[in-house]
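What follows is one structure encoded as structure tokens, with my remarks underneath.
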Amino acid sequence: MSVIPDSLPSRLADLVGESGVIRGGTLLETLSRDFYWYSPVLKRQLGDKRADLVVRPGSMDELRGVLSACFAARVPVVPRGGGTGNYGQCVPLYGGVVVDLSRLDRILEITTDGVLRCEPGARLGVIEPEARKQGWELRCLPSTWVKSSLGGFFCGGSGGVGSVTWGGIASPGNVKSVTLMTCEAGPRLIRLEEADCTRALHTYGTTGFMVEIEMRLAPKVAWEQLAFAGDDWDRLIDWTDGVGRDASVRKRLVTMFESPVPSFFKPLGKYYRPGEHGTFLLVENTQADAVAAAAQAAGIRLAHRIPLADPPKPPYFTDYTWNHTTLWAMKADPAITYLQCGYGDEFRTRIKTLRDRFPGEILQHLEWVASGVRYIDGDPQRITGDNIRVSGIPLIRFSTEERLREIIDCCAEIGVFVANPHTFKLEEGGRHPDLEAKRELKAEADPAGLLNPGKMASYANNPFVEPAA
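Just so we're aligned: 255 in this note's numbering is position 255 of the sequence shown, and the numbers increase by one with no gaps anywhere.
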């Protein structure tokens, strides 16, 4: 475990001011956590982890001084964004210093050709309205966008609302540049551009502190929020998949829920009858009537619709999608947890197999996302409808860790990819084909192995590991 030198708190207070150093109490506990408790496994593993100090720098110079001081003291340093992640990204495994980046929240520029440049603590709930004022919107954002920071999303997220058109944050063309600050005696800046940015994405802050981000935006669209219902699963999934693959329908969200999941959404559950499955869409408002008519012709009921306000204000259908679905389900049944799945081309067969093998134990929640998107004059152009993929965040009625492992093993057996949300190790939580490049970046940015130690488990230099007995 780390040992905080007696002189470090005062040194940090000299850098950021006494009010910028949290030395204990409830606030320190809060800032040492995220939403890892979605997972009963992580709840057991991370429940007692705390920072020794939390520091809130208010400028790049202050952050540079903080990293230099922590390097000199050889203590763990963990970055924190909005704290809305689910994998313990900002939870310190070995104590040390959590650096809260919420004060580094400036929107530096939105260019006339739709490029956002901002600091890492800028909240998406501020960025989206500001972008829309200027004729743009975020290409991809998590369901937690009101509270999430862009830096936190880049370090711990992957996709979300908008991914059905634009793919995830790592999809080609979405991120223009990322600038990192190293953890050294004299912290340096490393600028990554275009495809090279993927080396720093979804690395939990292990590869340097993001200090500036450039992300391409999408042209603003007036969206209509539509909720559909049907008691025939196969009919609804076929119709929903058709909408997801129809390039003529401009959309930001295609989500489907197995019954009784819609009943978990207290504000919207009243629009659903017992036994009905649900589909939520965000489509361009000029196309909403045609989509609703197509649903009716297919025997699908329009349960509710409402425009998305501009500037954005509730109600947001996105508050019930992606991992917000899990939160609503846990409120209804605290025993529920979740997985993250990629179903591949045989999604119907694989989903049916899981429903048959685990009736009532797995409740399906599907999200349609794009891959292989190319860009022409700034607009996404589909190569074919085949580049749409069906992913899932199925709800699991948790009983034991052994049973959870059986379900994950079954997924592997039938060809379902699982990005395991029940681990804090980034290598085990998703695909990292560029893992070696990420380790090389960490070695350059973090020569002493102080940045969020233990999260990149395959990185050999972890000075805080207890020696073997």
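All C-beta atoms in this analysis are idealised placements derived from N, C-alpha and C, irrespective of residue type, glycine included.
Below 8 Å CB to CB, which residues in the same chain sit around residue i once its five sequence neighbours on both sides are set aside?
{"i": "G299", "result": "G230, D232, R235"}
{"i": "A13", "result": "G20, V21"}
{"i": "A370", "result": "S163, V164, T165, W166, G167, S171, P380, R382, N387, I388, R389"}
{"i": "Q296", "result": "L302"}
{"i": "G429", "result": "Y87, A419, N420, P421, T423"}
{"i": "L108", "result": "R117, C118, E119, E212"}
{"i": "T384", "result": "Residue placement at T384 cannot be trusted, given a pLDDT of 48 that sits under 50; what the coordinates show is reported in the next sentence. Nothing meets the Cβ criterion."}
Over what stretch of residues does the alpha helix (DSSP H) that includes residue i continue unbroken?
{"i": "A437", "result": "435–445"}
{"i": "F71", "result": "60–73"}
{"i": "D14", "result": "8–16"}
Excluding five sequence neighbours on each side, which residues of the same chain lie with their C-beta closer than 7 Å to the C-beta of residue i?
{"i": "R80", "result": "L31, C90, V98, V99, D100, L101"}
{"i": "R123", "result": "G82, D105, K147, S148, S149"}
{"i": "Q134", "result": "I110"}
{"i": "R103", "result": "R56, P57, G58, G121"}
{"i": "G160", "result": "C140, L141, P142, S143, W322"}
{"i": "E184", "result": "F71, P447"}
{"i": "W328", "result": "F264, F265, Y320"}
{"i": "E29", "result": "R50"}
{"i": "G125", "result": "W145, V146, K147"}
{"i": "N461", "result": "G449"}
Taking DSSP as the reference, what is the three-state secondary structure of residue i?
{"i": "G230", "result": "strand"}
{"i": "P453", "result": "coil"}
{"i": "F486", "result": "Residue coverage of the chain in this structure runs from 1 to 469, which leaves residue 486 outside it and unanswerable."}
{"i": "V21", "result": "strand"}
{"i": "I213", "result": "strand"}
{"i": "A51", "result": "coil"}
{"i": "A222", "result": "coil"}
{"i": "V41", "result": "helix"}
{"i": "I383", "result": "Here I383 scores only 42 on pLDDT, less than 50, and its place in the model should not be relied on; the value that follows carries that caveat. Here I383 sits in coil by DSSP."}
{"i": "R488", "result": "For residue 488 there is no data in the structure shown, the boundaries of the chain being 1 and 469."}
{"i": "I408", "result": "helix"}
{"i": "R431", "result": "coil"}
{"i": "R403", "result": "helix"}
{"i": "R33", "result": "coil"}
{"i": "L201", "result": "coil"}
{"i": "T26", "result": "helix"}
{"i": "I4", "result": "coil"}
Across which residues does DSSP place residue i in a beta bridge pair?
{"i": "R191", "result": "T179"}
{"i": "F417", "result": "G342"}
{"i": "I388", "result": "A370"}
Tell me which same chain residues have a C-beta within less than 6 Å of the C-beta of residue i, skipping the five on either side of it?
{"i": "L63", "result": "P57"}
{"i": "L217", "result": "G114, L116, A131, W136"}
{"i": "K43", "result": "W37"}
{"i": "R74", "result": "none"}
{"i": "R188", "result": "T182"}
{"i": "E258", "result": "H277, L363, Q364"}
{"i": "I376", "result": "Per-residue confidence for I376 stands at a pLDDT of 49, beneath the threshold of 50, marking its modelled position as unreliable; the derived number appears in the next sentence. Nothing listed; no residue qualifies."}
{"i": "C197", "result": "V175, V178"}
{"i": "F209", "result": "P79, M181"}
{"i": "W239", "result": "A298, I300"}
{"i": "M330", "result": "I336"}
{"i": "C410", "result": "none"}
{"i": "F347", "result": "V390"}
Would you please verify whether the beta carbon of residue i is less than 8 Å from any beta carbon of chain C?
{"i": "T207", "result": "Of the protein chains in this structure there is only one, and it is not chain C."}
Since residue i is in the beta strand (DSSP E), which residue starts that stretch and which ends it?
{"i": "I393", "result": "Counting along the chain, I393 falls outside any beta strand (DSSP E), and DSSP gives it neither H nor E."}
{"i": "P79", "result": "77–80"}
Taking 7 Å as the cut-off, does the CB of residue i come closer than this to any heavy atom belonging to the ligand SAM?
{"i": "G208", "result": "Although the ligand SAM was asked about, the structure shown includes no ligands whatsoever."}
Exercise for the section: Let me know the beta strand (DSSP E) ranges lying completely inside the region 291–376, each 3 residues or longer, listed in chain order. Expected result: List check, beta strand (DSSP E) in window: 301–307, 336–338, 365–370, 374–376.
Exercise for the section: Identify every run of the alpha helix (DSSP H) within the region 227–290, keeping only runs that are complete inside it and at least 4 residues long; order them along the chain. Expected result: Taken in chain order, the complete alpha helix (DSSP H) segments of 4 residues or longer contained in the region 227–290 are 233–245, 261–264.
Exercise for the section: Please specify which runs of the alpha helix (DSSP H), each continuous and at least 4 residues long, are wholly inside the region 93–164, giving them in chain order. Expected result: Fully enclosed alpha helix (DSSP H) runs of 4 or longer: 124–133, 150–156.
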